[in-house]
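Encoded as structure tokens, the structure appears first; notes follow it.
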Amino acid sequence: MKGVIASIAPEAEVLDLSHEVSRQNVVEGALLLADSARFFPSGSIFVCVVDPGVGSKRRCLAMESGGRIFLGPDNGLLHPVAGAGLVRVVELTNAAYRLPDVSPTFHGRDIFAPAAAHLWNGVPLSDLGPAAVSTAPLEIPAPRVSGRRMDALVLFADRFGNLVTNASLGILGAAQWTVEIKGKRIGRVRRTYSDVPEGRMLALIGSSGRLEISVRGGSALERLHLRRPCGFPVRLFSR
Amino acid sequence: MKGVIASIAPEAEVLDLSHEVSRQNVVEGALLLADSARFFPSGSIFVCVVDPGVGSKRRCLAMESGGRIFLGPDNGLLHPVAGAGLVRVVELTNAAYRLPDVSPTFHGRDIFAPAAAHLWNGVPLSDLGPAAVSTAPLEIPAPRVSGRRMDALVLFADRFGNLVTNASLGILGAAQWTVEIKGKRIGRVRRTYSDVPEGRMLALIGSSGRLEISVRGGSALERLHLRRPCGFPVRLFSR
Amino acid sequence: MKGVIASIAPEAEVLDLSHEVSRQNVVEGALLLADSARFFPSGSIFVCVVDPGVGSKRRCLAMESGGRIFLGPDNGLLHPVAGAGLVRVVELTNAAYRLPDVSPTFHGRDIFAPAAAHLWNGVPLSDLGPAAVSTAPLEIPAPRVSGRRMDALVLFADRFGNLVTNASLGILGAAQWTVEIKGKRIGRVRRTYSDVPEGRMLALIGSSGRLEISVRGGSALERLHLRRPCGFPVRLFSR
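Chains as they are written, first to last, in numbering that gives the first Met the number 0: chain Z, 0 to 238; chain F, 0 to 238; chain E, 0 to 238.
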């Protein structure tokens, strides 16, 4: 992908945002993108490839939103960045801005990278293909609240072994919550890791604004022996 | 290595092609390089270090081939890119283009990176050392074909857990093959992941033109519990 | 972090030194930095984040040393580069050079990256905050020597599975040492991997000048089944 970009737009500067999204975890990729995009300069072009449906009928999109451009498969990955600032969406069908041979397993290289490079060269978004109206939703289950109890779940584990959940600040609100995972009470929501002793498990609001389960100086993923963290239940109780 | 390049050729742009080749897997590195090089601009300089023999008598080479320059150890890593377009090969012996102190365990930093930076600065290839004639072959075992059966094997697992085999498109030809691995029939060769249901194992031709064993939405490496994928047998039967 | 730098200093070139330091292993990060910094051009700005104490009272520092600038938490990470060439240290307290909202869990993005970008833009180090006098020491245990025996230990495993120890060239001196780990004699200190047959365990002085335990063509970490290499004992005997 970097070679393709360098061939079409030799002056373009390429930054690696992340190559560490868990295999085919569209939710993790979408949230990473949504959390990171606003820190990049206006005009940035994002090539986003978490693409389990590559080669199927799923569409390849490019969208302008919030002063930035995002390219990726229509599988929910771009959904969080297609918010209030959405200007337009196109489907990447114009063969002039793809590689001559498009493989059925690597659209990152053959469709998304060349489209991004041509955009960087000044090709207008509307030249890449016809306007597209809607995009696939991102399937993030909402926590279930019943009385003083909330049933949340783990969305993914980050590279430090922190377990990122679907309980966002907006959902938690101003209430005081106590957190439980795998039958283990880990106390109230803390501000930062050093609010507990070394080696202790804790819950806090991560830099993305979501409840995370962590171990100070360690890995919650390893501590809890979770092989498949995605979907693991987390319970919260308010006072 | 990046610091060395930035010190000698401050304007050179460095792209990371991959840091994920399995430890000391020369075949994986060589195939990655062969598959990727043509997507990079003419004139690109490739620093290629998969180098289990570092510090031994194996030579350090630079070669011009297909309008690009490749530097690396003479262990087969550069063999696939030294094809029809090969112009010249030199051995990197000129001390003027190495770091002053060459460690016996990190020639990437001390020999290959400085040579690449000097090439970028305009030093001619022939100044880096004497012409060298031949290079080590790359030992990729060919599949054995007997009648309607082909015995192939896994060369490496990629970062998604796909098992890349030694059965290339050229060997498979036009025949219809049925694939078996670890005693499990996984059907005919498919076009892309979504040709089978979620979670199903399949065989397809990967973006590099070789037969791969995959799991849709998963990892064949994990599904088959392969600790050492390299060399694992794969059987094919034609109708 | 890259987005923040690109937003403040669009022309700054960012190189990734490493994203592979073991989780929260300050010693590993500090030694990597100390080993690598001298290979980078004079004037380079290093953003160093191995930061288990993020959000606590630990200070955020920037220091000029040896013609380069280093930013990082005051937890020992910068200690080895604050050697003979140290010119000045400041604490990063000036809110004008932080992001408007500083999260308690990601100072890399909110404090260190913006400070580095402003330095690149020409802001003087002294504008970032008040002079700071001392920094936290780096807690690297020294090997214990008694007679002809030395008790060393593993500091970390690198990405190849080599076990890097606290026995540096300066401590080993000119004596001939025989090395033992997990009850296994692995012979004298070698010069490079190919001094032993394929698959054999060996001890050598790595590119950083420290004794390392390796397997030729393999991984010492895997061979010895070490789940937590940090602190594992290594014994040396001199003749």
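From the three backbone atoms N, C-alpha and C, an ideal C-beta is built for every residue, glycine too. What you are looking at is a predicted structure, and each value in this text was computed from that prediction instead of being measured.
- Listed along the chain, the chain F residues whose CB falls inside 7 Å of the CB of alanine 5 of chain Z are Leu14, Phe39, Pro40.
- Annotation: the continuous beta strand (DSSP E) that includes lysine 183 of chain E extends over 183-189.
- The Cβ atoms of alanine 166 of chain Z and leucine 210 of chain Z lie closer than 8 Å to each other.
- Nearest neighbour of arginine 189 of chain F by Cα position, chosen from F:Val178, F:Gly198, F:Lys183, turns out to be F:Val178.
- At a cut-off of 8 Å between beta carbons, arginine 190 of chain F contacts chain Z.
- The Cβ-Cβ distance between phenylalanine 155 of chain E and proline 228 of chain E falls below 8 Å.
- Sorting E:Ala141, E:Gly186, E:Asp150, E:Ser41 by C-alpha distance to the C-alpha of arginine 234 of chain E places E:Asp150 at the top.
- For aspartate 34 of chain E, the enclosing alpha helix (DSSP H) stretches over residues 25-35.
- Residue contact check for phenylalanine 159 of chain E against chain F: a CB pair falls below 8 Å.
- By DSSP's assignment, arginine 87 of chain Z forms a beta bridge with Z:Glu63.
- In this structure, the beta-carbon distance from alanine 33 of chain E to proline 79 of chain E falls below 8 Å.
- Residue-level contact check: serine 193 of chain Z touches chain E, since one or more beta carbons of chain E fall below 8 Å from its beta carbon.
- Not a single C-beta of chain F is nearer than 8 Å to the C-beta of glycine 2 of chain E.
- Only Pro51, Gly52, Val53, Gly54, Ser55, Lys56, Arg57 from the segment 50-67 of chain E bring a Cβ to less than 9 Å from some Cβ of chain Z.
- Under the rule that a run must span 3 or more residues, the beta strand (DSSP E) segments found entirely inside the segment 137-184 of chain F read 143-145, 148-156, 162-167, 176-180.
- Under the DSSP assignment, isoleucine 4 of chain F falls in the alpha helix (DSSP H) whose first and last residues are 1-7.
- Put simply, the backbone Cα of leucine 152 of chain F is about 17 Å away from that of glycine 28 of chain F.
- The beta carbon of leucine 171 of chain F sits no closer than 8 Å to any beta carbon of chain Z.
- For glutamine 23 of chain F and alanine 173 of chain Z, the gap between their C-alpha atoms comes out near 53 Å.
- Take the alpha-carbon of alanine 202 of chain Z and the one of phenylalanine 231 of chain Z: they are about 15 Å apart.
- Around the beta carbon of alanine 36 of chain E, a 10 Å sphere encloses 16 or more other beta carbons of the protein chains shown; the residue is thus reported as buried.
- Against chain Z, the CB of serine 35 of chain F has a partner CB under 8 Å away; the residue lies at that interface.
- For glutamate 221 of chain E, the enclosing alpha helix (DSSP H) stretches over residues 219-222.
- Counting C-beta pairs closer than 8 Å gives three or more between the segment 46-65 of chain Z and the segment 95-104 of chain Z, which meets the contact rule.
- Taking threonine 92 of chain Z as reference, the option from Z:Pro72, Z:Gly128, Z:Gly84, Z:Gly71 with the minimal CA-CA separation is Z:Gly128.
- The closest CA to that of valine 48 of chain E, considering only E:Ser21, E:Phe38, E:Thr191, E:Gly42, is found on E:Ser21.
- When the five nearest sequence neighbours on each side are left out, the beta carbons in the same chain lying within less than 6 Å of the beta carbon of arginine 238 of chain F are those of Gln175, in order along the chain.
- Under a criterion of Cβ atoms nearer than 7 Å, no residue of chain F is adjacent to proline 228 of chain Z; the nearest Cβ is some 15 Å distant.
- Here serine 133 of chain F is exposed: its Cβ has fewer than 16 other Cβ atoms, across all protein chains shown, within 10 Å.
- Nearest CB-CB separation between leucine 203 of chain E and chain F: below the 8 Å threshold.
- Counting the other CB atoms within 10 Å of its CB gives aspartate 157 of chain E a total of 16 or more, which places it among the buried residues.
- Out of E:Ala8, E:Pro142, E:Leu30, the CA that lies nearest to the CA of serine 206 of chain E is found in E:Leu30.
- Under the Cβ distance rule, threonine 92 of chain E does not count among the residues neighbouring chain Z, no pair being separated by less than 8 Å.
- The Cβ neighbour count for aspartate 73 of chain E, taken over all protein chains shown within 10 Å, is at least 16; the residue is labelled buried.
- Per DSSP, alanine 114 of chain E is one residue of the alpha helix (DSSP H) stretching across 112-119.
- Distance check between glutamate 90 of chain Z and each of Z:Leu76, Z:Trp119, Z:Leu124, Z:Asn120 places Z:Leu124 closest, using alpha-carbon atoms only.
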